[in-house]
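One structure is given below, encoded as structure tokens.
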Amino acid sequence: VAPFTASILAPIVPVLDSMFIAGLAVLVIACANAANLLLARGLARRREFAIATALGASRARMVRDRLGEALLLASPGALIGVALAYAGAAAFNAAIAASSPPFWVHIAIDARVLAYVVAVTVLTALAAAAVPALRGGMAPPSTALAEDTRSTTSGALRRTTAALVVVEIALSAAVLVCAGLMGKGVLRLTSAQYAFAVDDVLTGRISLPARTYGTTDARREFFLTLHTRLDQLRASPAAALGSSLPFAAAESTTFSLTGVDDDASRWPPARLVLVSPGYFEALGVSAIGGRDFEESDRENRASVALVNLSFALTHARRDDLIGRAIRVAGAEPITATIVGVVPDLYVGNARGEQPETIYLPLLQQQTLPAAISVVARAGAPAASVERELRDAIAEIDPELPLDRAMLLSDVREQGTWFYRVFGLLFLAFGAGALVLALVGVYAVMSFAVTRRKREIGTRMALGATGGDIARMFLREGTVRLVAGLAAGVVLAAFFAPRLALFLFQVDPRDPGVFSAAGAIVGIVGLAACAVPALRAARHNPVESLRDE
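So for the sequence shown, the numbering used here puts the first residue at 399; every next one is plus one.
In structure tokens form, the structure reads like this:
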């Protein structure tokens, strides 16, 4: 027994953690940008601070004032962010409504979220302003007053701004790689082709109440009667019963091929599905080796089993398994003979994995489930098939409803909505990180050009051409860009495997995605460096030196 929230959220916690880390990375990039801008602002006001200090203001007072200014600047941003969050939550809920999410999925902003926003605003504002505030208070007034605000930037300041830019590029590259992986998974998910019918198969769920169907015999009688009645549906050429559906959760078990391992504690896991004859026909597939279940596979006959292709490829060649005995764990272990191999049906998930699956005849089991799914191939409009299914169930027991009646394509949508929605959110994070990094690189390079006017003028007066000046700044920017990209690739390689369970047929270390993300960050970063570098190349050395 486990809490409902724990059982529901457990499978998606890694993606939620990854989303939080991605959001934190974007926040750190924004903080690095703010720190660089505050450094530039502090240098522009260095004389002002020096005069205030000379008139008696303490360094602690100056630091407090600058931290207070940072909080004042951050407050409007936080208010705008909260407004955007409300709008985003409403848009998110409206967007996922079309994806058939579970009933418990609803995004809302409450007092705890607002308190979190206030705390993050204060902490990030202080963190972004801390280095500029402390650096601004370290220079003696005499030194600050003697320097011109446009003098050559100190080595320590260059290293600080360069480090912040490298951090921005690294984080943006890592987030963009993860966004690319999720985006590629979403594209493959939406364009996936399946070997079985999806769009014209109607499904539903029947739950048998314990007061009426508390015994195995009562359930068996109901399943047998319903199975017979399904064969008579006019609107469906094939209909059957199954304990699970493709793209939906399925029971887990362990097994042993007879003669392989008698120690049950070491038996490998597999999915277990109970089905009636016609189940695979209703899904538009047939056995690819051996035979399908037959009407004669009942409780008084020899136990038989089918396995999926992934099972066969893992444990033997397809034909070698047919005729072998398999022992399936349970309260009453079952020993059956494998009589056929069927295609993979995405049992237990919709992520592109094909877990090993064992199928047993429903009507042959000594223990039967209290709930069963119905699958019916639609030979007529789905509404007609659904109506016939409800009538067939009502003929047996008028009090039993057909729940969750939907096409198998809708079952797939319910099983994949999370990956589509959060894949798109990851793409948004990646785009945001890239834009922030672009702004950060551009701001730092522009700041460097402004601060180094005297150096640029001197170099050009001594014979350097505009091309030499542009190459100098591009070289500096490229070094930071390469360092950031290298760190970003390492970060992405470390975090990407956390997304493996949620990537539809995508390798978490896909070289194409890593290369594309690196190329995008590299091109955007070079473009951000090129504009200030070209502006520096057009400086008039006479004007620069005269201004100095």
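Ideal Cβ positions, reconstructed from N, Cα and C, are used throughout, including at glycine.
- Cβ contact annotation for Thr522 (same chain, cutoff 6 angstroms, sequence separation greater than five): Cys429, in chain order.
- Taking 8 angstroms as the upper bound for CB-CB distance, Leu569 and Ile449 are not in contact here, some 38 angstroms apart.
- Per the Cβ contact rule, the region 706–722 is not in contact with the region 763–774 (fewer than 3 Cβ pairs under 8 angstroms).
- For Pro930, the enclosing alpha helix (DSSP H) stretches over residues Pro909 to Ala935.
- Fewer than three Cβ pairs drawn from the region 848–858 and the region 826–838 lie within less than 8 angstroms of each other, which leaves the two stretches out of contact.
- Taken in chain order, the whole alpha helix (DSSP H) runs of length 4 or more contained in the region 550–594 are 553–588.
- Of the other Cβ atoms in all chains shown, fewer than 16 fall within 10 Å of the Cβ of Ile921; this residue is therefore exposed.
- Closest by C-alpha distance to Gly676, out of Ser634, Asp661 and Thr652, is Ser634.
- Counting other Cβ atoms within 10 Å of its Cβ, Pro731 stays below 16 and is therefore classed as exposed.
- With a cutoff of 8 angstroms on beta-carbon distance, Gly738 and Leu711 are scored as not near each other.
- Only exposed fits Gly910, as fewer than 16 other CB atoms lie within 10 angstroms of its CB.
- Contact between Ala685 and Val740 is confirmed by a C-beta separation of about 5 angstroms, below the 8 angstroms threshold.
- Here Asn938 is exposed, its C-beta having fewer than 16 other C-beta atoms within 10 Å.
- Residue Ala646 holds the alpha-carbon nearest to the alpha-carbon of Arg802 among Ala646, Arg933 and Ala680.
- Around the beta carbon of Leu470, a 10 Å sphere encloses fewer than 16 other beta carbons of the protein chains shown; the residue is thus reported as exposed.
- Each residue's CA atom was taken as its position, placing Ala572 and Leu822 some 16 angstroms apart.
- CA-CA distance, Thr848 to Asp508, rounds to 45 angstroms.
- Counting only runs of 3 or more residues that sit fully inside the region 615–703, the beta strand (DSSP E) segments are 637–640, 649–655 and 667–673, in chain order.
- Relative to the Cα of Arg664, the nearest Cα in the group Leu672, Val671 and Thr652 belongs to Thr652.
- Note on Val745: 16 or more other CB atoms within 10 angstroms of its CB, so buried under the neighbour-count rule.
- Leu834: member of the alpha helix (DSSP H) spanning Leu806 to Arg849, first to last residue.
- Judged by DSSP in its simplified three-state form, Val599 adopts strand.
- DSSP, read as helix, strand or coil, puts Pro753 in coil.
- Closest in alpha carbon position to Leu587, among Val929, Phe892 and Tyr817, is Tyr817.
- Following the DSSP letters along the chain, one finds Ser708 inside the alpha helix (DSSP H) bounded by residues Leu707 to His713.
- Gly738 sits in a strand when the DSSP states are folded into three classes.
- Pro759 is bridged by DSSP to Val673.
- In the DSSP annotation of this structure, the continuous segment of the beta strand (DSSP E) that includes Arg775 starts and ends at Ala769 to Arg775.
- DSSP, reduced to helix, strand and coil, places Ala455 outside both helices and strands of the structure shown, so it counts as coil.
- By the C-beta density criterion, Gln762 is buried, having at least 16 other C-beta atoms within 10 angstroms.
- Sequence-distant Cβ neighbours of Ala487 in its own chain, meaning closer than 7 angstroms and more than five residues away, are Ile505, Ala506 and Ile507.
- By the criterion of a C-beta distance shorter than 8 angstroms, Leu707 is surrounded in its chain by Ile686, Arg716, Val739, Val740, Pro741, Asp742 and Gln752, once the five residues flanking it on both sides are discounted.
- Under DSSP, Val516 forms no beta bridge with any residue.
- A check of alpha carbon separations from Phe709 across Ile756, Arg936 and Ala472 identifies Ile756 as the nearest.
- Membership of Ala723 in the beta strand (DSSP E) is indicated by the continuous run Ala723 to Val726.
- Annotated three-state conformation of Ala803 is strand, per DSSP.
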